[in-house]
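Novice:
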Amino acid sequence: DLANTSLTLEANSTDNSALTKSIHAHASYYGTHVNDSDKSNVTDSTVFKNQRNSSDTDTYNLRKNYYQIFQKSSSTKALNQLAGVSFQWYLGHFKTHPTWSDQLGSNGLNWPTSGSCNAAQGNCPEYSGTISVSGSTVTFTATHGMDWGAGIKPFVLDTALTFTSAAWVEYMTNGSGWNENMHFYNPDSREQYQIPYNAFQNVGNALVKITSEAKVDITSLEGKTFICVERCLGATNLNTAIAEAFTKVDGEADAATLDKTPYVNKGPYFKVASYYDGNGNGDQDGGESSEGAGRYNNIGGVIEADLSSYTVTNGVLVGANADGGNIAWTSANATKLDSASYRDGIRKYRYKSKEPTYTVDNWSNNYGHSFRMNAVENTNKANISCDVDSGNSRGYTNRWRAVADDDALLVTGDSYYCAEKIRDGSVTSYTFELTKRPDYRVYNVTDSQITSISAPKSYEYEVPASGITYNFSGTNLTGKKYTLKFEGFGELHNFPGQVFNTCTGAVVGRYVDSWNQCYRFIPEFTLPDGAILTDKTGSDNIKVRALRGDEYLKKLSTLPSGRVYTKDLSDLPSSSDLVTVSTAIGSKPTTGILNSGKASVIHGETVAAPSQ
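Numbering of the sequence shown is given in the working numbering, commencing with residue 1100 and proceeding in unit increments.
(1) In the DSSP output, which residue or residues are listed as bridge partners for Lys1308?
(2) I want to know whether the segment 1497 to 1505 touches the segment 1456 to 1468 - three or more CB-CB distances under 8 angstroms.
(3) Where in the segment 1561 to 1621 do unbroken runs of the beta strand (DSSP E), each at least 3 residues long, occur, reported from the N-terminal end onward?
(4) Which residues does DSSP list as the beta-bridge partners of Ala1507?
(5) Kindly indicate which three-state DSSP category Lys1323 falls into: helix, strand or coil?
(6) What do you get for Gly1494, buried or exposed, if any count of 16 or more other CB atoms within 10 angstroms of its CB means buried?
(7) Between Tyr1395 and the rest of its own chain, which residues show a CB-CB distance below 7 angstroms, the 5 nearest in sequence each way excluded?
(8) In its own chain, which residues sit with a C-beta less than 6 angstroms from the C-beta of Leu1118, not counting the 5 before and 5 after it?
(9) From the beta carbon of Gly1691, is the nearest beta carbon of chain C less than 9 angstroms away?
(10) I need the DSSP call for Tyr1466, collapsed to helix, strand or coil.
(11) Got a sec? Which residues, its chain only, sit under 8 angstroms from Ser1669 by beta carbon, not counting five neighbours each side?
(12) Are the segment 1577 to 1586 and the segment 1656 to 1668 touching, with three or more C-beta to C-beta distances below 8 angstroms?
(13) Can you name the residues that DSSP bridges to Phe1531?
(14) If you follow the alpha helix (DSSP H) that Thr1339 is part of, which residue opens it and which one closes it?
(15) Would Ser1148 and Leu1101 qualify as a contact pair, given that the criterion is a beta-carbon distance under 9 angstroms?
(16) Quick check: the Cα distance between Tyr1441 and Tyr1466, rounded to an integer number of angstroms?
(17) Spell out a yes or no on whether the segment 1536 to 1551 and the segment 1503 to 1513 are touching, meaning 3 or more CB-CB pairs, one atom from each, closer than 8 angstroms.
(18) Give a yes or no on contact between the segment 1180 to 1200 and the segment 1157 to 1164, applying the rule of three or more CB pairs nearer than 8 angstroms.
(19) Are the Cβ atoms of Ser1408 and Gly1418 separated by less than 9 angstroms?
(20) Checking the sheet assignment: what are the DSSP bridge partners for Ile1641?
(21) With DSSP collapsed to three states, give me the class of Asn1479.
(22) Between which two residues does the beta strand (DSSP E) holding Tyr1450 run?
(23) For Thr1272, I'd like the list of residues in its chain whose CB is within less than 6 angstroms of its CB, leaving aside the five on either flank, ordered along the chain.
(24) DSSP state of Trp1188, grouped into three classes?
(25) Can you tell me whether DSSP reads Thr1229 as helix, strand or coil?
(26) For Tyr1664, which of helix, strand or coil comes out of DSSP?
(27) In the DSSP output, which residue or residues are listed as bridge partners for Asn1491?
(28) Go through its chain and collect everything with a Cβ distance to Tyr1226's Cβ below 6 angstroms, but skip five positions before and after it.
(29) Alpha carbon to alpha carbon, how far is Ser1572 from Asp1667? Give it in angstroms, no decimals.
(30) Which same chain residues, not among the five before or five after Leu1306, have their C-beta less than 8 angstroms away from its C-beta?
(31) Helix, strand or coil for Lys1314, going by three-state DSSP, please let me know.
(32) Grouping DSSP H, G and I as helix and E and B as strand, with all else coil, what is Thr1434?
(33) Would you list the one or two residues that DSSP bridges to Asp1538?
(34) Which residue wins for smallest C-alpha separation from Pro1224, given the options Thr1236, Gly1207 and Leu1203?
(35) Using CA atoms only, rank isn't needed, just tell me which of His1468, Ser1275, Glu1312 and Gly1276 is closest to Tyr1292.
(36) Which residues in the same chain have their Cβ closer than 8 angstroms to the Cβ of Val1544, if we skip the five residues on either side of it in sequence?
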């Protein structure tokens, strides 16, 4: 089992004299759930006990937490190692490009670039399917099309679409050194795949980059320093931004984009009005138009002085330079965030992504789940240096100048750090989120430390050609590989499946817009007893056996023949047929009862050892 499995916690009036009713909480790797109606009664000193394990005598507190942190890391594989991998691929940008729409279409890969996104015509912006490998030939086969923007959920194509690695090499180049890469998402393992053009040329070389994500607790980052390139959180700005939204909620103001931003005024853009000095005379001439502050700076990075720095100190992310201080809510803002009415109310407002006075490329975002930023450890700073061309950071030119004084806005040399290096997985990165909805961290009072719930273990299963039970007719997933998650208590998660309507007997499909009491999610297949799951991060392979399952009764439209559904008095058993239970099975035992008759195994965890 996992080292630290999930906890089912209860706080009752016996241990907490101030409580009039019990409070229940469930703590897992993904967070701790407490009902909204109970949150006002939970304090840092409320005593909880673990109900999942009767041998656990420790006491626990719940400490409010607004941080959610994800670590993104990358690994590499060869293209010919991706047999059975699922892909979900967006290529709408190819279809609208004058060069690549032709190469993708009838003059190249022969995928549809005209018509509708339906089963017959198959002209969709996004597809899903599976990769297969035969020798040195790698084939991508799309079986489903979709268009989320138009509300078209995944559907089966009448004719599957395919291309090979060799075809990509032949057609996805313009012949002048401009080659295209492929980027897709694996919905089964929840990983991002980046396949560079040269990986299609060299299918046996480990050139495919696979990016995975794991949740981490801020305590594991204590003392570490991080740097941020763009959209970097500021202590004052983020609190001012959300306070403004609360004010709008109080005033019942209409939906609007507010002149606030949670970010500091640093990033890969010009902070003053600029112009491009086309003739290089160092002066703005009549034909050289001005652009407002906020314009992209042509490099995509910032110099070292414009990097934002943060350090984790005593479990708090602390900004070290511009708008520094604790990246945390003020007590006044935190109090309002405890209220669902405020959390829901601010969702109709938006905030700016840059200094609010900037007019160029100043996108707006919803006041949604969190304020977030991406960062890397300061020790990895060199790994996010921008690419260099002829001694300068790529994109450098002395032609971009300030309107006010004609000074060049970019500096020479290789001193820029690029946000793209963080986004493309060149280095392990972290997404720091300051959430609007409070979560809780479990504090073990007995041990005087935060309890870290173990992350789920990832196991890979390749569907065999035989010996597998499919739960939906017409299913054949032979050779496909799925990443299953073990979270403790004998349960596996992340099975592919579909939604089934138990009331009507209809298969709804993999995606639904809403849920009702008739719906059940049913896996595509049932693992056979003895199936081996491969540990994706180590050598701890496991063998599985089914413990329980579900069966659903189908209502018959006609009654089966030969059945009698009515009886009369003579069919009831007579008194001579009735016996005293004790005479049939004996007296109730009083000795040799394991664990005094209580459960010995709870959710897969042994709480009372068997007799030797």
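Positions of the beta carbon are idealized from the N, C-alpha and C atoms, including for glycine. Computed from a predicted model, the values in this text were never measured in an experiment.
Specialist: Let's see:
(1) Thr1175 and Gln1293
(2) Touching, no, given that fewer than three Cβ pairs across the two stretches are closer than 8 angstroms.
(3) 1580 to 1585, 1596 to 1600 and 1606 to 1608
(4) Arg1500
(5) coil
(6) buried
(7) Pro1367, Tyr1368 and Asp1460
(8) Cβ neighbours of Leu1118 beyond the five flanking positions: Ser1112.
(9) Absent from the structure is chain C; it holds one protein chain and no more.
(10) coil
(11) Once the five neighbours on either side are set aside, Ser1669 has no close Cβ partner at all.
(12) no
(13) Answer is Ile1168 and Met1472.
(14) Ala1334 to Asp1349
(15) The sequence given here has Lys at residue 1148, not Ser. Contact: no.
(16) 11 angstroms
(17) no
(18) no
(19) yes
(20) Bridge partners of Ile1641: Leu1632.
(21) helix
(22) Boundaries of the beta strand (DSSP E) around Tyr1450: Arg1449 to Lys1451.
(23) Around Thr1272: Asn1278.
(24) Strand at Trp1188.
(25) Three-state DSSP puts Thr1229 in a strand.
(26) coil
(27) Asp1488
(28) Trp1188, Ala1241 and Gly1244
(29) Looking at the two C-alpha atoms, the distance is approximately 43 angstroms.
(30) Thr1175, Ala1177, Leu1178, Ile1294, Pro1295, Asn1297 and Ala1298
(31) strand
(32) If DSSP states are grouped into helix, strand and coil, Thr1434 belongs with the helices.
(33) Asn1164
(34) Out of Thr1236, Gly1207 and Leu1203, Leu1203 has the C-alpha closest to the C-alpha of Pro1224.
(35) Glu1312
(36) Val1146, Asp1157, Thr1158, Tyr1159 and Asn1160.
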